Ligand SMILES: [Zn+2]
């Protein structure tokens, strides 16, 4: 039996599972997480403070959750958060106590800034640690959350087969020299790590927000491709990201924009993204 539990998991079902086990077992839970350039640390179920369910009574819709496989994380960030997590475990174990109960430490590694915010207190109506708990045994957490308890990439399927091409097909298009536009929708920090030559970088978030300068840039590049095309057909736009999830969302947005905000285009996503490219086409392409 353990005295202190450290949650280092990367998915929502496991967080609920570990939380409920800690509440049922009466153990403090030192919880750390990291995504992209941000880290968080708190201690649940400790000295009258809230548990995970007090703060998150209902799981988020699965499609809104970004895990590290999709979102990426710089290895140093979980390293920093893991050190803080180990420190809190040692402080609790040695009787010094942790000041992280009902307190969330947030690291912004981009600006090298720590912030600490006060969390809501233990909730009397909490299903796990409240006055009349309904969680009296561990349950099926994958069913509860509607997502699988894995940090492996979820494969979204938003597009039909006709709206997607494989990395092999894209390689043939590149080699054939057919005029097209390759749009990379990853965050800029990831584009700086690696990208395919001649790709236009517009992060998904900018497309979603229809950022003026990015829409303008997209328009210009489509017009350029159209001139190279020397025919009346639509400019093919191939969208790529890391794993092939964000690229599908981007294709849906481009389809809404086509013919209205930009020239008519034929938008498709490159299935499996740059990691599929690295695995199947170019082994020298960086995998991160
Ligand atoms: Zn609770």
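Residue numbers (UniProt numbering): 1 to 288. Every residue, glycine too, gets a C-beta built ideally from N, C-alpha and C. Quantities reported herein were computed from a predicted structural model and do not represent experimental measurements.
Through-space distance from residue j to residue i, alpha-carbon basis
i: residue 283; j: residue 91; result: 45 angstroms
i: residue 228; j: residue 179; result: 6 angstroms
i: residue 194; j: residue 286; result: 7 angstroms
i: residue 175; j: residue 181; result: 14 angstroms
i: residue 15; j: residue 262; result: 43 angstroms
i: residue 292; j: residue 163; result: The shown model of the chain, from 1 to 288, leaves out residue 292, and the question about it has no answer.
i: residue 57; j: residue 127; result: 7 angstroms
i: residue 238; j: residue 149; result: 32 angstroms
i: residue 242; j: residue 248; result: 11 angstroms
i: residue 254; j: residue 212; result: 15 angstroms
i: residue 266; j: residue 18; result: 46 angstroms
i: residue 268; j: residue 236; result: 8 angstroms
i: residue 123; j: residue 246; result: 36 angstroms
i: residue 186; j: residue 37; result: 14 angstroms
i: residue 104; j: residue 208; result: 29 angstroms
Nearest-angstrom Cβ-Cβ length linking residue i and residue j, presumed shorter than 8 angstroms
i: residue 252; j: residue 158; result: 6 angstroms
i: residue 29; j: residue 7; result: 6 angstroms
i: residue 121; j: residue 50; result: 6 angstroms
i: residue 270; j: residue 170; result: 5 angstroms
6 angstroms Cβ shell around residue i - same chain, five flanking residues per side excluded
i: residue 197; result: none
i: residue 98; result: 43, 88, 91 and 92
i: residue 321; result: Since the first residue of the chain shown is 1 and the last is 288, residue 321 is not available in this structure.
i: residue 199; result: 182 and 184
i: residue 62; result: 146 and 147
i: residue 142; result: 13, 148 and 149
Reduced DSSP secondary structure (H/G/I, E/B, other) of residue i
i: residue 115; result: strand
i: residue 236; result: strand
i: residue 206; result: helix
i: residue 102; result: coil
i: residue 248; result: helix
Close-in-space but distant-in-sequence residues of the same chain around residue i (CB under 7 angstroms, 5 per side omitted)
i: residue 226; result: 235 and 263
i: residue 191; result: 184 and 201
Inset, instruction - Closer than 5 angstroms is what we want: which residues have a beta carbon that near any heavy atom of ligand 1? List them in chain order. - result: Ordered along the chain, the selected set is 51, 53, 54, 126, 128 and 129.
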